[in-house]
Amino acid sequence: MSTDPRRAGRLELLGWLLPLIGTSAAAAVLLSTTLASLALVSVWLGIPLFIGSVWLTRQAANPFRWICTRVLGVVIRRPYRPWAPGHLGRKWLGLVRDPATWRDLCWTAVHCTLGLTLATVLLVVALAGLGCVLLPVAWRVLEEISGPGFAAEIVGFEVIGSQAAVFLGVPAGLAILLLWWWLAPALLRGYAVLSRALLDPTSRAALSARVRELTESRAETVDAAAAELRRIERDLHDGTQARLVALGMSLGMADELLRSDPDAAAGLLAEARRDSGLALSELRNLVRGIHPPVLADRGLPGGVQALALAHPLPVEVTVDLPGRPPVPVESALYFAVAETLTNVAKHARAGSVQVRLSHADGLVRVTVADDGRGGANATSGGGLDGTRRRLAAFDGTLTVSSPPGGPTVITMEVPCVLSSPKITPYSGTG
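For the sequence shown, position 391 (counting from the first letter as 1) is numbered 1706 according to our numbering, and the numbering increases by one without interruption.
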């Protein structure tokens, strides 16, 4: 599922300062460990230590990427290459040759110094301003603890007594909080932009990753097409072809018996008529499995509504498409929804299903949600994995949110441009 980056509110930013301080402290430890592992490579102890420290660094960097993307509105992608297969030496060489490893190392040096300083200063300033504003309220308690001669220094002025605290503490605190309110988002966002220069993939790395994705997608598409051809061949051989052979035999026998035994010939002709009807029905089902006629007649919304009407559970379909996707995309999404609804009926133990079709930011988005038991995942070789591979042929994605106990939300997105608006928004229940 694609989540639009957003800028958090000031109070939310204040709450995220502690996690930033935590990741900064972790970065300091990981930087020391990584440098120590490089120094110990000559005695072989450094190889597993380096691999472990790099892995932990990536685990620390990914939450920081999430904070920058979701909280600060600065999208930082993951630039890592797949782990090299084989023994520890190969993995070590793969990590050493990965530019992201050294960029992460530079980020830990920056984050444990500049990042820690920035987050700590912003937190202390916010707490100081809040303390000044609340000082008149807390003054009586402080006097009881420290005695009537309690004094404090606020912005260079010595304050004695609650009236002076009200006079100087509240305006000073409000000024500090106002300054924090104005500067904190800009400073944190600026630091996120600086971190993106280190943590985001370079243009070369992004291009390599894109080429790798397209290569894998192409291979999966070729395999899927070959599997589909084998399925069609098998269905024709085992079903339609066998019935046509039986039809030919029945007609041949009827021709031989036509003069000697007209009644038997009539029975064979009736049997041939039934076989021809069954063969025609199987051919229609086969064609429907390749490209359902309902898509040509009513488009993707009509196809999904037909699936909803045939589903054993109540399915609510909501459509907001200002036009029609390309025919191949319609077909891929139709079969993806069909596979998902089949999985819901078989495994989810749900009471109802909601399907929503929409288009935004150049993406057709289909969301299938159910109130079942949850626990769904796109494991290799499963139905959802097949759906993911089907969508990958169109540069599409499939994401699954299915915590134990539910609900399950499966989101499919395919980039495409819609044709002229021929489909009006629709909402209904199947």
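Quick reminder that beta carbons are idealized off the backbone N, C-alpha and C, glycines included.
Just to confirm before moving on: does the CB-CB distance between T1714 and T1726 stay below 8 Å? As a working note, residue 1714 is residue 399 in the sequence shown. As a working note, residue 1726 is residue 411 in the sequence shown. T1714 is a Cβ neighbour of T1726, given a cutoff of 8 Å.
C-alpha gap between T1682 and T1633, whole angstroms: Here residue 1682 refers to the residue found at position 367 when the sequence shown is read from its first residue. Here residue 1633 refers to the residue found at position 318 when the sequence shown is read from its first residue. Cα to Cα, T1682 sits roughly 10 Å from T1633.
When the Cα atoms are used, what is the spatial distance from R1549 to L1624? Taking the first residue of the sequence shown as position 1, residue 1549 is located at position 234. Taking the first residue of the sequence shown as position 1, residue 1624 is located at position 309. R1549 and L1624 have their C-alpha atoms roughly 29 Å apart.
So, at 7 Å on beta carbons, what are the nonlocal neighbours of P1607 in its own chain, with the 5 sequence-adjacent residues on each side left out? For this step, residue 1607 is matched to residue 292 along the sequence shown. When the five nearest sequence neighbours on each side are left out, the beta carbons in the same chain lying within less than 7 Å of the beta carbon of P1607 are those of G1618 and Y1649, in order along the chain.
Just verifying my parser: in three-state terms, what is the DSSP assignment at S1807? Because the chain is modelled from 1316 through 1745, residue 1807 falls outside the range shown and cannot be assessed.
Quick one: what's got a C-beta closer than 7 Å to L1706's C-beta in the same chain, skipping five residues either side? The residue given as residue 1706 occupies position 391 in the sequence shown. Its chain contains A1647, A1651, T1712, L1713, M1727 and V1729 as the residues whose beta carbon lies nearer than 7 Å to that of L1706, once the 5 sequence neighbours on both sides are disregarded; these appear in chain order.
Under 8 Å: do the stretch 1437 to 1445 and the stretch 1367 to 1378 share three or more Cβ pairs, one atom per stretch? A contact is defined here as three or more CB-CB pairs under 8 Å, and the stretch 1437 to 1445 fails this definition with respect to the stretch 1367 to 1378.
From the DSSP output, in three-state form, read off T1517 for me. The sequence position of residue 1517 within the sequence shown is 202, counting from 1. Note: T1517 maps to coil in three-state DSSP.
Leaving out five residues on either side along the sequence, give the residues of the same chain with a beta carbon under 7 Å from the beta carbon of I1491. Taking the first residue of the sequence shown as position 1, residue 1491 is located at position 176. A distance below 7 Å between beta-carbons, with the five flanking residues on each side excluded, links I1491 to the following residues of its chain, in chain order: V1440, A1443, G1444 and C1447.
Distance check for L1350 and V1358, CA to CA, integer angstroms please. Here residue 1358 refers to the residue found at position 43 when the sequence shown is read from its first residue. Here residue 1350 refers to the residue found at position 35 when the sequence shown is read from its first residue. It is roughly 14 Å from the alpha-carbon of V1358 to the alpha-carbon of L1350.
At which residues does the beta strand (DSSP E) containing P1730 begin and terminate? For the purposes of this step, residue 1730 is identified with residue 415 of the sequence shown, where counting begins at 1. Segment T1723 to P1730, the beta strand (DSSP E) holding P1730.
Helix, strand or coil at F1472 [DSSP, three-state]: Within the sequence shown, the letter at position 157 stands for residue 1472. Any answer about F1472 is weak, because its pLDDT of 48 lies below 50 and its placement is not dependable; what the coordinates show is given next. Strand, per DSSP.
Is the beta carbon of L1615 closer than 8 Å to that of H1674? The residue given as residue 1674 occupies position 359 in the sequence shown. The residue given as residue 1615 occupies position 300 in the sequence shown. Not in contact: H1674 and L1615 (Cβ atoms no closer than 8 Å).
Would you tell me roughly how many angstroms separate the C-alpha atoms of F1472 and L1345, rounded to the nearest one? Taking the first residue of the sequence shown as position 1, residue 1472 is located at position 157. Taking the first residue of the sequence shown as position 1, residue 1345 is located at position 30. The predicted model places F1472 with a pLDDT of 48, which falls under 50 and marks its position as unreliable; any figure quoted below should be read in that light. Taking the straight line from one Cα to the other gives about 43 Å.
Given this structure, state the Cα-to-Cα distance separating R1418 from L1513, to the nearest angstrom. Within the sequence shown, the letter at position 103 stands for residue 1418. Within the sequence shown, the letter at position 198 stands for residue 1513. Taking C-alpha positions only, R1418 is separated from L1513 by approximately 6 Å.
Less than 8 Å between the beta carbons of V1679 and V1668, yes or no? To locate residue 1679, count along the sequence shown from 1; it is residue 364. To locate residue 1668, count along the sequence shown from 1; it is residue 353. No, the pair does not count as a contact, with Cβ atoms beyond the cut-off.
Work out the CA separation of V1508 and V1389 for me, nearest whole Å. Locating residue 1389 in the sequence shown gives position 74, where the first residue counts as 1. Locating residue 1508 in the sequence shown gives position 193, where the first residue counts as 1. Approximately 7 Å, taken between the alpha carbons.
So S1591 and L1562 are supposed to be a Cβ contact under 8 Å. How far apart are they, rounded? The residue given as residue 1591 occupies position 276 in the sequence shown. The residue given as residue 1562 occupies position 247 in the sequence shown. The distance from the Cβ of S1591 to that of L1562 is about 6 Å, consistent with a contact at the 8 Å cut-off.
Backbone CA spacing between L1494 and L1329 [nearest angstrom]: On the sequence shown, residue 1494 is found 179 positions in, with the first residue counted as 1. On the sequence shown, residue 1329 is found 14 positions in, with the first residue counted as 1. Spanning the two alpha carbons is a distance of roughly 14 Å.
Can you tell me where the alpha helix (DSSP H) holding D1419 begins and where it ends? For the purposes of this step, residue 1419 is taken as the residue at position 104 of the sequence shown. First-last of the alpha helix (DSSP H) with D1419: P1414 to V1425.
Spatially closest choice to A1434 from P1640, L1522, L1364 and G1505, by CA coordinates: Taking the first residue of the sequence shown as 1, we reach residue 1434 at position 119. For the residues P1640, L1522, L1364 and G1505, the minimum Cα distance to A1434 belongs to G1505.
From this set, T1423, R1325, G1690 and R1639, which residue's C-alpha is nearest F1379's C-alpha? By 1-based counting over the sequence shown, the position of residue 1379 is 64. The candidate whose alpha carbon is nearest that of F1379 is T1423.
C-beta atoms of S1518 and R1639 nearer than 8 Å: Position 203 of the sequence shown, counting from 1, holds the residue named residue 1518. Position 324 of the sequence shown, counting from 1, holds the residue named residue 1639. Not a contact, by the Cβ cut-off of 8 Å.
Nearest neighbour of V1411, chosen from C1427, I1366 and H1426 [CA to CA]: Taking the sequence shown and counting its residues from 1, the one referred to as residue 1411 is at position 96. Measuring from the Cα of V1411, the nearest candidate turns out to be I1366.
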